[in-house]
Structure formats: structure tokens, C-alpha cells
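K.L.:
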Amino acid sequence: MRFSTLAILASATSASAQSAKSCGTFNNMLVADMGDGDQKYVTLQDDQLTLGQPGIWNLTTTVDFDTCSATVDFSKSDKPEQPPCPLEAQILQTGVGTIILEYTDKTGTITDDSSYPLNLWTSTEPLPNVESCLVFDSMKFQDMHDGDVKNVELNAGGQLTMGQEGIWSLTTQVDPITCQATVDFSQSTKPDQPPVPLIATVIKASGETSADPNQRMMLVFTDPSGTLNADPMYPLNIWEAV
1447 MRFSTLAILA
1457 SATSASAQSA
1467 KSCGTFNNML
1477 VADMGDGDQK
1487 YVTLQDDQLT
1497 LGQPGIWNLT
1507 TTVDFDTCSA
1517 TVDFSKSDKP
1527 EQPPCPLEAQ
1537 ILQTGVGTII
1547 LEYTDKTGTI
1557 TDDSSYPLNL
1567 WTSTEPLPNV
1577 ESCLVFDSMK
1587 FQDMHDGDVK
1597 NVELNAGGQL
1607 TMGQEGIWSL
1617 TTQVDPITCQ
1627 ATVDFSQSTK
1637 PDQPPVPLIA
1647 TVIKASGETS
1657 ADPNQRMMLV
1667 FTDPSGTLNA
1677 DPMYPLNIWE
1687 AV
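Each residue of the sequence shown is one higher than the one before, counting from 1447 in the working numbering.
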């Protein structure tokens, strides 16, 4: 009888732990799609992730609470310009309080690297950075807008250097309080420059569970002048370290 009672208690505790798992909750959250350059709406209720654009397309998939990720098969929706295979969307939390959906390809159709970020969707209302600014040696960053790779370095003195070897290079100073830097691409030979200087915010993002301990370094670009978007905090592009 004692063994049976302990077994029942253990089972109840395990069930409670399972039900307590969560990857967050949000309802009709507006996100900026870095790849498509438009906006989507995302809802996460219990383990059901719904994404789409009102009146155009809608898709619901199930989130794995152990990884906070879901398989997204856009072919099951009316979304225009679909990827050629299902993607995995992982829910990430950043140091500025934003939510990011990071898309990767586990099938090997688009890339052989199953962890390589193909696209990012990010919520659009960041909070002040509460963490110390990152410092890192030169690393490759995937540019979600241009679709290519940049080299980026941030040294202990707050100097942010970015570019592409043999093509262009630019160095600017990061504010140690906000972890932001003004990036004036007109001071470089970068092709396809934006028409105005942008603000680059250095952030890190991580998964919601211990199953994903990786800290992802990112640069989020915004336009303080309001030329490209009336909202000076709206994310125009993200680069992610790869």
C-alpha cells in the first residue's frame, strides 16, 4: 500500500511538471518578418502556435515544450512565396524583451546546416537593454535582408567593426549604456546602402528551455529619422551570428 501511494504521488508530480511547461503566451502579436520585409501576426496559446496575415493566410501548428519549437509547413496554408520545405520555428527571448521566431531547415533542402538561421520574425516593441554590452572577436553574421554574410567585431573599447572582406568596412562606436551605435553606411563602399544612417542595437537571444543553451548574438537595425519607417524603434533588419 505504501509503494502504491508513493507511485501515485510520483505520477501526480510528474504530470504537474509536464503541465507547468510553457514557452510563453501571446495573442495576435505583431512581428516584423526580416526575410519577406512585411508583417505577420503570431499567437501562442498553450501549445498551439498560429501565424499568418489577416485575410491572406493562416496556419496553426503544435509547439514542442521541450524545445519551444514547432514544425511550420507553409504548404498547408495560402501564404505566397513559400519555402520549398517545412521549416522549424524556435521561440527565442532577447535581452531587450522582444520575442523572436528563428527559422531553420532540418531537412537539408535549403542548407546542410540544420542550425543555420534562414529567417527571423521579431516582435516590434523592445525594452531598454538591462544587460552589459557584448564583446566578441570577428564573427560571421547572416544578414536577413541582404541574404548574405557580413563580418562583425565588437571590442572591449566599444568599437563595432563590420563589413565584407575586400568589399567594404566600417567602424563605429557603441554606447555602453544602450548598446547602440549609429551606422552610416554612406561612409563605406557597401553596395545597396540605405538612404539614411541607422541605429544598430547589439543584443543576445536564447531559447526558452535548458534544451537550448546557445546564446545568439544579433544586430537589430532601426531608423531614428523616420525615413524608412515612421516608428523609430521598428526593426528593419537583423544580422545573426552564425
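C-beta atoms are modelled at their ideal positions from N, C-alpha and C, and glycine is treated no differently.
Going by C-alpha distance, which of I1613, Q1588, P1572, S1634 is nearest V1477?
P.N.:
Among I1613, Q1588, P1572, S1634, the Cα nearest to that of V1477 belongs to P1572.
K.L.:
Between the alpha carbons of G1604 and P1529, how many angstroms are there, rounded?
P.N.:
Using only the alpha carbons, I get a separation of about 38 Å.
K.L.:
Going straight from the alpha carbon of F1511 to that of G1612, what length do you get?
P.N.:
Using only the alpha carbons, I get a separation of about 44 Å.
K.L.:
On the premise that D1479 lies in contact with W1567, defined as a C-beta separation below 8 Å, what is that separation, rounded to the nearest angstrom?
P.N.:
Yes, they are in contact, since the Cβ atoms of W1567 and D1479 sit about 5 Å apart, within 8 Å.
K.L.:
Can you list, in chain order, the residues of its chain with a C-beta nearer than 6 Å to that of S1523? Leave out the 5 residues immediately preceding and following it.
P.N.:
Closer than 6 Å at Cβ, skipping near neighbours: W1503, L1505.
K.L.:
Is F1511 helix, strand or coil when you go by DSSP?
P.N.:
Three-state result, F1511: coil.
K.L.:
Does the beta-carbon of T1540 have 16 or more other beta-carbons within 10 angstroms, so that it is buried, or is it exposed?
P.N.:
Result: buried.
K.L.:
List the DSSP bridge partners of Y1549.
P.N.:
Partner(s): A1535, N1565.
K.L.:
Count the other C-beta atoms from every protein chain shown that fall within 10 angstroms of the C-beta of P1670, then say buried if there are 16 or more, exposed otherwise.
P.N.:
Under this definition P1670 is an exposed residue.
K.L.:
Using the three-state DSSP reduction, which class does S1615 fall into: helix, strand or coil?
P.N.:
Strand, per DSSP.
K.L.:
Does A1461 pass the burial test, meaning 16 or more other C-beta atoms within 10 Å, or should it be called exposed?
P.N.:
Confidence at A1461 is low in this model, with a pLDDT of 41, below 50, so its placement is unreliable and no value can be given for it.
K.L.:
State whether the stretch 1573 to 1585 contacts the stretch 1545 to 1560, with contact taken as three or more CB pairs (one from each stretch) at a distance under 8 Å.
P.N.:
With a cut-off of 8 Å, the stretch 1545 to 1560 and the stretch 1573 to 1585 do not count as touching, because too few Cβ pairs lie within range.
K.L.:
Using CA coordinates, which residue listed in R1662, Q1661, F1667 is at the minimum distance from V1642?
P.N.:
The candidate whose alpha carbon is nearest that of V1642 is F1667.
K.L.:
Do you know how far the Cα of T1628 is from the Cα of I1649?
P.N.:
Between I1649 and T1628, the C-alpha separation is close to 15 Å.
K.L.:
I'd like the list of long-range same chain contacts for T1618, defined as Cβ closer than 7 Å, with 5 residues on each side in sequence excluded.
P.N.:
L1606, A1627, T1628, V1629, listed in sequence order.
K.L.:
Confirm, please, whether the CB-CB distance from A1687 to R1662 is below 8 Å.
P.N.:
Yes, Cβ-Cβ distance for R1662 and A1687 is below 8 Å.
K.L.:
Out of curiosity, what's the CA-to-CA distance linking V1581 and N1473?
P.N.:
Roughly 35 Å between the two C-alpha positions.
K.L.:
Tell me whether Q1633 sits in a helix, a strand or coil according to DSSP, three-state version.
P.N.:
The answer is helix: DSSP assigns Q1633 an H, G or I state.
K.L.:
Give me whichever residues DSSP pairs with S1712 in a beta bridge.
P.N.:
An answer regarding residue 1712 cannot be provided, because it is not within the stretch 1447 to 1688 covered by the chain.
K.L.:
Out of Y1680, I1546, K1525, C1469, point me to the one whose CA is closest to L1490's CA.
P.N.:
Nearest C-alpha to L1490: C1469.
K.L.:
Looking at the unbroken beta strand (DSSP E) that takes in K1486, where does it start and where does it end?
P.N.:
Run containing K1486: 1485 to 1491, per the beta strand (DSSP E) assignment.
K.L.:
Where V1598 and T1635 are concerned, what is the direct C-alpha to C-alpha distance, given to the nearest angstrom?
P.N.:
So the two alpha carbons sit approximately 16 Å from each other.
K.L.:
Taking the straight line between their C-alpha atoms, what separation do you get for Q1499 and Q1639?
P.N.:
Cα to Cα, the separation comes out at about 29 Å.
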